[in-house]
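Enquirer: Residue numbers (our numbering): 11 to 121.
Ideal placement from N, C-alpha and C gives every residue a C-beta, glycine not left out.
No experiment lies behind these values; they were computed from the predicted model shown.
Structure incoming, see below.
Below, the structure is given as structure tokens:
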């Protein structure tokens with residue numbers, strides 16, 4: 011990773027650091043898949059798979075950490091998007107209230 015400044019790296023699930031690690035470890039990932047590693051398994055199941063490995067444990071651990079990072083980053087991204095949507099909907103509802111209900115309440119009752 012020579013030549014990369016930490017400030018220039020993107021850390022999200024589609025970020026440059028994530029892609030770099032995956033690209034640099036393609037052979038390890040292929041070997042992991044051949045040895046019955048299932049990326050869709052729970053992290054506990056993957057940890058159990060890793061504990062049974064005899065070779066390239068460090069590299070395989072890096073891949074598992076990368077996958078956990080991608081899963082977490084995706085969840086955080088969805089959470090943030092949901093909160094932004096809720097805030098946007100709240101602002102829209104408040105604007106609608108200000109345009110429709112509040113003017114009606116401020117009018118004097120008709121006789």
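Answer with buried or exposed for residue 104, where buried requires no fewer than 16 other C-beta atoms within 10 angstroms of its C-beta.
Expert: Flag for residue 104 reads exposed.
Enquirer: Whose C-alpha, out of 64, 109 and 75, is nearest the C-alpha of residue 52?
Expert: Among 64, 109 and 75, the Cα nearest to that of residue 52 belongs to 75.
Enquirer: Where do the N-terminal and C-terminal ends of the alpha helix (DSSP H) with residue 56 fall, by residue?
Expert: Its alpha helix (DSSP H) spans residues 53-61.
Enquirer: Using the Cβ count rule (16 or more neighbours within 10 Å means buried), how would you classify residue 123?
Expert: Missing from the structure shown is residue 123; the chain here goes from 11 to 121 and no further.
Enquirer: Just mark residue 16 as buried or exposed, buried being the case when its beta carbon has 16 or more other beta carbons within 10 Å.
Expert: Note that residue 16 has pLDDT 48, beneath the 50 cutoff, so the model's placement of it is unreliable and no number is given.
Enquirer: Within 10 angstroms of the Cβ of residue 101, are there 16 or more other Cβ atoms? Answer buried if so, exposed if not.
Expert: Classification of residue 101: exposed, given that the 10 Å Cβ count is below 16.
Enquirer: Out of 73, 78, 56 and 94, state which residue places its alpha-carbon closest to the alpha-carbon of residue 36.
Expert: Nearest option by C-alpha distance: 73.
Enquirer: Count the other CB atoms within 10 Å of the CB of residue 56; is the residue buried (16 or more) or exposed (fewer)?
Expert: Residue 56 should be labelled buried.
Enquirer: Shortest alpha-carbon distance to residue 40 belongs to which of 95, 66 and 91?
Expert: Closest option to residue 40, Cα to Cα, is 66.
Enquirer: Consult DSSP for residue 28 and reduce its assignment to one of helix, strand or coil.
Expert: Three-state DSSP puts residue 28 in a helix.
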